[in-house]
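Step one of this worksheet: look at the structure below.
There are 2 protein chains.
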Amino acid sequence: MRAIKIGLFGYGCVGQGLYQTINNSKNFEGEIVKICVKDRNKKRSLPTNLFTFNKEEILEDPSIDVIVELIDNAEAALEIVTTALKNGKSVVTANKKMVAENLEYLIDLQQKTGKAILYEGAVCGSIPIIRTLEEYFGHEPINEIKGIFNGSTNYILTKIFQEKMDYDQALEQAKEKGFAESDPTLDVKGFDPKYKLSILLTHAFGINVSPDKITNLGIDHLQSSDLEFAHKHGYGIKLIAQAIRKNDEVFACVLPQFIKADHNLRNVNNEFNAVTLNGEFCDDQLFIGKGAGSLPTGAAVLSDISALSYDYKYEYKKHYNQGKVHFNNDSEVTVYASFQKPEDIDLNEFEQVSDKYFCFDRSYVIGKIKLSKLLRSKWVYNSKISVIQFDQSDEFSNELDLKTLETEILELRKGQKLREKISV
Amino acid sequence: MRAIKIGLFGYGCVGQGLYQTINNSKNFEGEIVKICVKDRNKKRSLPTNLFTFNKEEILEDPSIDVIVELIDNAEAALEIVTTALKNGKSVVTANKKMVAENLEYLIDLQQKTGKAILYEGAVCGSIPIIRTLEEYFGHEPINEIKGIFNGSTNYILTKIFQEKMDYDQALEQAKEKGFAESDPTLDVKGFDPKYKLSILLTHAFGINVSPDKITNLGIDHLQSSDLEFAHKHGYGIKLIAQAIRKNDEVFACVLPQFIKADHNLRNVNNEFNAVTLNGEFCDDQLFIGKGAGSLPTGAAVLSDISALSYDYKYEYKKHYNQGKVHFNNDSEVTVYASFQKPEDIDLNEFEQVSDKYFCFDRSYVIGKIKLSKLLRSKWVYNSKISVIQFDQSDEFSNELDLKTLETEILELRKGQKLREKISV
Chain E
1229 MRAIKIGLFG YGCVGQGLYQ TINNSKNFEG EIVKICVKDR NKKRSLPTNL
1279 FTFNKEEILE DPSIDVIVEL IDNAEAALEI VTTALKNGKS VVTANKKMVA
1329 ENLEYLIDLQ QKTGKAILYE GAVCGSIPII RTLEEYFGHE PINEIKGIFN
1379 GSTNYILTKI FQEKMDYDQA LEQAKEKGFA ESDPTLDVKG FDPKYKLSIL
1429 LTHAFGINVS PDKITNLGID HLQSSDLEFA HKHGYGIKLI AQAIRKNDEV
1479 FACVLPQFIK ADHNLRNVNN EFNAVTLNGE FCDDQLFIGK GAGSLPTGAA
1529 VLSDISALSY DYKYEYKKHY NQGKVHFNND SEVTVYASFQ KPEDIDLNEF
1579 EQVSDKYFCF DRSYVIGKIK LSKLLRSKWV YNSKISVIQF DQSDEFSNEL
1629 DLKTLETEIL ELRKGQKLRE KISV
Chain D
1229 MRAIKIGLFG YGCVGQGLYQ TINNSKNFEG EIVKICVKDR NKKRSLPTNL
1279 FTFNKEEILE DPSIDVIVEL IDNAEAALEI VTTALKNGKS VVTANKKMVA
1329 ENLEYLIDLQ QKTGKAILYE GAVCGSIPII RTLEEYFGHE PINEIKGIFN
1379 GSTNYILTKI FQEKMDYDQA LEQAKEKGFA ESDPTLDVKG FDPKYKLSIL
1429 LTHAFGINVS PDKITNLGID HLQSSDLEFA HKHGYGIKLI AQAIRKNDEV
1479 FACVLPQFIK ADHNLRNVNN EFNAVTLNGE FCDDQLFIGK GAGSLPTGAA
1529 VLSDISALSY DYKYEYKKHY NQGKVHFNND SEVTVYASFQ KPEDIDLNEF
1579 EQVSDKYFCF DRSYVIGKIK LSKLLRSKWV YNSKISVIQF DQSDEFSNEL
1629 DLKTLETEIL ELRKGQKLRE KISV
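Residue numbers (the numbering used here), protein chains in the order written: chain E, 1229 to 1652; chain D, 1229 to 1652.
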């Protein structure tokens, strides 16, 4: 096995982590021979001759075997990856957005060029979930995959719940520690875990689902009254990505979720990620590891580079033989939706409402709603509305009459019922 | 890729699980063409012509690609595996004793024959720990590996602690469910997890350590007074396998251990196994999955068979480049040792004693002892002595004077001190 020559794009948090893991690793035969960066003025700790600002210097260099793409911009990343594969180079990337939005195309391109693209570092940092799904569960029908896929929001939620920090301060800290993406809205609005979930749908169930078809809500609408509700009922709140198969139908979403004290995801804190998996043969599996940070993600990238040394490729067995399994967004989830102004919420979009609490400063309803409605409804994305899912095992058998509720809401709008309540 | 033809040895719990997983798997191209069994009189659910009692019928059949060895007897298993590799067949086995006791030889044999032997099913059932160590952490220095490696003792401890079942009843139930090995002493005395630990030492640290050099104590000496001690101090008890590297030295052992309420292994119950891992880059990782049972282990075996279809082999990178890392059994562990008769215990073997409780029906001391002493001392293996380790993070700063203790022990033997105590 000869030493692998690596051309690296991007030298941010993960790029530097990769450089460090390669330097401190054992038995790895390879080196980074050139790094392409954008900013000509930034000071860097490595010798200047290692850097270039011209991507062709890497992409057209026949001595370079592997391209490692660790830049932020998904469009530019796709261009680099496409050229690399077409130029006969294998690729390792940690760009979840680029992979999720172009997976069908990338699978096709791999088949055409015969070259591999690996992206373990794109999903849950140090947890080897893609390769485990590919190799270990390649023949096993998966029933469910669920977890905490975003380190920065999990860090923020931990600080809010355990240290009573406020949201902005916690977000600032996550940024400082390098856990948050350069654009934190991708994290806090649940896009980042959605990209990861979309990638796992291919490896777990064989279905390619464009991220824009998957419902995602984040943690940026959470109100202190929501935290109080959680505390009062013994819940924590985690941002949960999940995909559940029932027969041939898979539903998937990313939503904040109330988590009971004895749930195995409850104590997954800070920048740790977790993936739970239920398979037909293995039953329940749980993987926990750091989902963000320079070294953990760098190590995941290194493990992909290493796999290329024995020509490893994802086989996409389930993708090529998915059979009847397909994505269905019409499943119902039970959610808590809190609001200040009753006109901000549209109760008619709920299939059923089982509980409500109306009060002057903040009200909520609990009810069943279809994922497809959550995806399309405008009121859900109003920053004054917060929507939190209940675990499927939580039961709400109550069924309130929607007409009565509407009358109450009308009264609430007029402020009548409210005053009554408060005076009591 | 052509369909794999499998010759199977053994049709017990795991063999039947393998048959079932192959029949219910997706996209697996392969079939079991012959099964070699020992018992001519046992009734079996499959057609008679699938079975043979003559091992040559499988080992000498050129149309068979892969031998799957799932029998109990380690000596016979080694013979089968050796012949298979020499005959140019790849092998999958779940026989932890055979692999652990012959790993050096088996690595050598693989290199000589060019054929592979895979044994994921031998270690922690459904948890893909060997392949993860090989492929994902192949370049990463591992600091620690620790966990619950035996499903049947974990099942027994769960029943004892959660359902107040007695030991014999819990053992009987574990046997009925197919979690216990045919000879349960391998489980309850900690040999089974020791074999697994010994195998992981090779894959995590690159060192081959013969199982007989590793200290193992089981759960069969546990007394009700030990359970009371645990309850009183908020501990659970788990049978823990662990290997910890400090610079170039690795120590390893299997001991029952007191586990605090917030420890991530505390809620791993029933037949579930868990592996925690600390690496220099990834930091902490935790894997949880079913460690025993027909389907979970069958699925692990199937994943190995599947890996053979693309000529996968363990690379043993760390074994071939272990450098200065070596096994050292002179590390000290802090243990609780309980006894009825003071003459049963040898206090002089302790490096230091930090706590003691002497009473008529059952006494204990807490102190530091070298693993090498635990391995060699006879008193430790007396069924009336139970030894339980404390987690390394538990601190015992107290230091009792050994001479005073000896005098007290002498008095205890005479029954004087005791009566005093009881009369108080």
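Beta carbons: idealized from backbone N, C-alpha and C, even for Gly.
If you check the CB distance, E:A1469 and E:G1375 come in under 9 Å. When CB distances to chain E are screened at a threshold of 7 Å, not a single residue of the stretch 1281-1297 of chain D falls below it. Every alpha helix (DSSP H) stretch that sits fully inside the stretch 1373-1422 of chain E and reaches 4 residues is listed by chain position as 1379-1391, 1395-1404, 1413-1416. Beta-bridge pairing by DSSP links D:H1554 to D:E1477. Pairing D:F1486 with D:G1519 gives a Cβ-Cβ distance that is not under 9 Å. In this chain, the alpha helix (DSSP H) harbouring E:E1456 covers 1452-1460. Residues of chain E whose Cβ lies closer than 9 Å to the Cβ of D:E1329 do not exist; the shortest such Cβ separation is about 26 Å. When 7 Å is used as the limit between beta carbons, E:T1381 is near no residue of chain D, the shortest such separation being about 19 Å.
The beta-carbon separation of D:V1351 and D:K1422, rounded to 12 Å, does not stay under the 8 Å limit for a contact. Under the 8 Å Cβ criterion, the stretch 1259-1273 of chain D does not count as touching the stretch 1547-1556 of chain D, having fewer than three qualifying pairs. One finds K1518, P1524 in chain D with Cβ atoms closer than 7 Å to the Cβ of E:D1511, taken in chain order.
Within chain D, the residues whose beta carbon sits less than 7 Å from that of E:F1515 are F1515, listed in sequence order. The count of Cβ pairs closer than 8 Å, one atom from the stretch 1564-1572 of chain D and one from the stretch 1339-1358 of chain D, stays below three, leaving the stretches out of contact.
Taking 8 Å as the upper bound for CB-CB distance, E:V1529 and E:A1322 are in contact here, some 6 Å apart. Contact between the stretch 1290-1301 of chain D and the stretch 1232-1240 of chain D is present: three or more C-beta pairs spanning the two stretches fall below 8 Å.
If you check the CB distance, D:V1496 and D:N1382 come in under 9 Å.
The residue among D:Y1542, D:K1612, D:E1579 with its C-alpha nearest the C-alpha of D:E1571 is D:K1612. Taken in chain order, the members of the stretch 1247-1267 of chain D whose beta-carbon sits within less than 7 Å of a beta-carbon on chain E are T1249, N1252, S1253, K1254, N1255, F1256. Judged by DSSP secondary structure, E:N1501 falls within the beta strand (DSSP E) whose first and last residues are 1500-1507.
For the C-beta of D:R1590, not a single chain E residue is nearer than 9 Å; the gap to the nearest is close to 33 Å.
For E:E1368, the C-beta contacts it makes with chain D under 7 Å involve S1253, A1527, in order along the chain. Cα atoms of D:R1268 and D:A1408: separation of roughly 24 Å, rounded to the nearest angstrom.
At a cut-off of 9 Å between C-beta atoms, E:R1473 does not count as an interface residue with respect to chain D. Only G1353, S1354, I1355, P1356, R1359, T1360, E1363, Y1364, F1365, G1366, H1367, E1368 from the stretch 1353-1368 of chain E bring a Cβ to less than 9 Å from some Cβ of chain D. Residues of the stretch 1528-1542 of chain E with a C-beta atom less than 7 Å from some C-beta of chain D are L1530, S1531, S1534, A1535, listed in chain order. Among the residues of chain D, none has a CB under 8 Å from the CB of E:E1307; the nearest is roughly 29 Å distant. In the structure shown, the three-state DSSP call for E:E1639 is helix. Of the residues D:S1614, D:Y1592, D:D1622, D:I1597, the one whose Cα lies closest to the Cα of D:L1640 is D:Y1592.
Ranked by how close their Cα comes to the Cα of D:L1428, the residues D:V1503, D:G1342, D:K1403, D:F1457 have D:V1503 in first place. Put simply, the CB of E:K1324 is far from chain D, with every gap to its CB atoms at 9 Å or more. Of the candidates E:E1363, E:A1312, E:G1418, E:S1531, the residue whose Cα lies closest to the Cα of D:D1532 is E:E1363. Within a 10 Å sphere around the beta-carbon of E:S1625 sit fewer than 16 other beta-carbons, which makes this residue exposed. Secondary structure of D:D1336 (DSSP, three-state): helix. Fewer than three beta-carbon pairs drawn from the stretch 1388-1406 of chain D and the stretch 1550-1558 of chain D are found closer than 8 Å, and the two stretches are therefore not classed as touching.
Within chain D, the C-beta atoms nearer than 7 Å to that of E:E1508 come from N1252, in chain order. Residue-level contact check: D:F1407 does not touch chain E, since none of the beta carbons of chain E fall below 9 Å from its beta carbon.
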